[in-house]
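Residue numbers (the working numbering): 343 to 895.
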């Protein structure tokens with residue numbers, strides 16, 4: 343099969359599966375977040391419509407979820423991951439621990455300098471609404487990495503036998519100017535070259551981009567044989583004109599992060615809170631619209647008037663004066679056609695109930711609970727457990743999926759790019775062949791670990807109480823390991839906990855100092871004794887003279 347046939351057939355098959363989801367995502371976009379996924383509109387160049395949103399409860403809840411995930415999972419204001427080793431004892435060794443800390447600091451600096459945090463903020467919004475998000479992490483000369491946010495619906499995915507995303511085909515609407523800047527003018531079709539020469543820089547074309555595992559279909563491109571993944575760009579329809587692809591390159595690791603909020607077995611695309619609350623959102627808009635109509639009829643009801651006033655001007659303004667001929671039957675004057683008496687109280691109660699369901703669907707109660715806690719951390723881990731454990735457990739599977747599909751993936755990708763750029767110090771010999779492990783120490787991860795923290799506190803307190811009865815029971819407790827475990831669960835900076843070898847060295851130094859001090863004291867006492875003996879008179883008749891002479895006292 344020719345390369346052009348393969349790419350087009352592969353793309354058509356993947357987008358055929360994607361198109362099944364488009365109508366559902368379009369409804370979410372219309373009623374929750376019109377600005378996200380503008381390409382989902384039938385006319386992508388048309389501005390998104392906000393006319394379907396009367397009550398913005400869902401839009402606000404979606405915004406709070408994105409902000410809560412950013413603050414709780416990848417906050418730029420605090421550390422949210424730590425590097426370690428599978429062998430914790432090896433990780434505690436001084437040189438190894440210092441190397442891991444140095445690498446972590448460098449990676450945090452890379453994330454701050456790049457657009458990583460802006461990209462994750464948009465990704466969380468897309469996750470909350472559509473249940474899917476997409477991001478490509480590309481190398482950047484100035485900032486090491488650059489994150490390209492992919493709007494949901496602009497890309498189609500495929501996964502391997504393990505369910506891991508390893509293929510993405512996407513459509514990119516690009517202007518002539520941007521096409522020339524990215525790919526140069528040499529390999530462009532004649533039509534685009536002509537547009538560029540004429541100065542029609544704003545003309546747009548669809549650029550196709552595919553990233554997938556390397557295979558025999560790409561054997562003609564020898565330069566990419568060493569890469570596990572292939573990247574290829576082409577202009578829609580250029581193969582028919584005999585043009586080669588715009589660019590063919592490769593990646594050492596898959597550069598895409600495509601997290602899903604919730605996923606059924608075997609599915610490629612996930613669902614999120616937006617899908618769950620969509621029915622409630624539509625109901626809320628209908629109820630608010632009908633409530634508005636009811637209030638309008640109360641304030642400005644439909645009127646009826648006698649036929650004699652047909653050709654008269656009727657004023658409905660406040661204080662307006664109307665003249666008419668009095669009727670004998672008493673049905674004269676202008677009055678409402680019927681009495682409007684909507685049950686606004688009952689309507690507000692039902693609307694409030696629907697609003698609360700939407701907020702719970704977006705986990706707003708959880709995220710605002712954490713945001714409104716003005717303290718650096720709750721007083722005790724037990725307080726977290728009692729107040730928040732149930733809500734945090736509901737979010738647990740989502741956070742675990744983000745760990746594997748987003749956070750671990752982007753950290754691995756960033757680590758690999760920085761390592762190839764030789765930004766890290768030399769690896770200690772002890773851990774050259776060991777795998778680096780990533781631990782999530784974000785606010786939400788620590789809150790979920792609060793159960794373990796409470797267990798440590800309870801155990802230590804229990805043993806402390808028993809020590810009042812049986813002192814040697816303390817020997818059963820490894821207090822030093824409890825400090826390491828507690829600091830790890832609470833996300834304390836590794837720099838404040840000394841490595842085990844440093845602790846052993848400090849204790850050895852202290853013991854040596856104590857021994858030296860004891861020896862010094864003994865030497866001083868011996869010197870005093872010798873001085874006393876030297877000043878004692880042994881020529882006279884005394885006991886000491888008798889002893890020295892070998893006599894008896």
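Ideal Cβ placement from N, Cα and C applies to all residues, glycine included.
Secondary structure at residue 365: helix, using DSSP grouped into helix, strand and coil. In the three-state reduction of the DSSP assignment, residue 474 falls in the strand class. From the listed residues 447, 404, 415, the smallest Cα separation to residue 425 is found for 447. In this structure residue 483 is exposed. Its beta-carbon is surrounded by fewer than 16 other beta-carbon atoms within 10 angstroms. In this structure, the alpha-carbon of residue 867 lies about 16 Å from that of residue 856.
Rounded to whole angstroms, the separation of the alpha carbons of residue 552 and residue 518 is 20 Å. In this structure, 635 is the residue among 814, 787, 635 with its C-alpha nearest to the C-alpha of residue 396. Judged by DSSP secondary structure, residue 697 falls within the alpha helix (DSSP H) whose first and last residues are 686 to 703. Residue 441 has its alpha-carbon roughly 17 Å from the corresponding atom of residue 834. Taking the Cβ atoms as the reference, residue 601 lies roughly 6 Å from residue 469, within the contact range of under 8 Å. Rounded to the nearest whole angstrom, the C-alpha separation of residue 445 and residue 456 is 17 Å. Closest in C-alpha terms to residue 449, from the list 422, 493, 472, comes 422. Contact between the region 462 to 476 and the region 365 to 378 is present: three or more C-beta pairs spanning the two stretches fall below 8 Å. Judged by DSSP secondary structure, residue 538 falls outside any beta strand (DSSP E) and instead within the alpha helix (DSSP H) spanning 532 to 540.
Each residue's CA atom was taken as its position, placing residue 536 and residue 524 some 17 Å apart. Here DSSP, grouped into helix, strand and coil, assigns residue 481 to strand.
Less than 8 Å divides the Cβ of residue 791 from the Cβ of residue 831.
Shown here, residue 373 sits in a helix according to DSSP, grouped into three states.
Taking a cut-off of 8 Å on C-beta distances, the region 604 to 616 does not touch the region 748 to 763, as fewer than three cross pairs fall below it. Taking C-alpha positions only, residue 412 is separated from residue 462 by approximately 7 Å.
Boundaries of the alpha helix (DSSP H) harbouring residue 615: 615 to 641, taken from the DSSP string.
Per the coordinates, the alpha-carbon of residue 498 lies some 31 Å from the alpha-carbon of residue 709. Nearest to residue 680 by C-alpha distance, out of 647, 628, 350, is 647.
Just measuring C-alpha positions, the residue of 515, 570, 559 sitting nearest residue 545 is 515. Residue state for residue 516 is assigned as strand, using DSSP reduced to three classes. Counting along the chain, residue 404 sits inside the alpha helix (DSSP H) bounded by residues 399 to 415. Distance between residue 815 and residue 801, taken at the CA atoms: about 12 Å.
Residue 621 counts as exposed, since fewer than 16 other C-beta atoms from the protein chains shown sit within 10 angstroms of its C-beta. If you check the CB distance, residue 559 and residue 348 come in under 8 Å. Nearest Cα to residue 547 within the set 521, 783, 633: 521. Of the candidates 660, 769, 698, 492, the residue whose Cα lies closest to the Cα of residue 623 is 698. Using a Cβ-Cβ distance cut-off of 8 Å, the region 764 to 783 and the region 489 to 506 are not in contact, since fewer than three pairs of beta carbons, one from each stretch, lie closer than that value. Scanning 355, 762, 400 for the CA closest to the CA of residue 701 turns up 400. About 7 Å separates the beta carbons of residue 554 and residue 571, which is inside the 8 Å limit, making them a contact pair. Rounded to the nearest whole angstrom, the CA to CA distance from residue 820 to residue 807 is 16 Å. Apart from sequence neighbours up to five positions away, the residues of its chain that approach residue 747 with a beta-carbon distance below 6 Å are 601, ordered along the chain.
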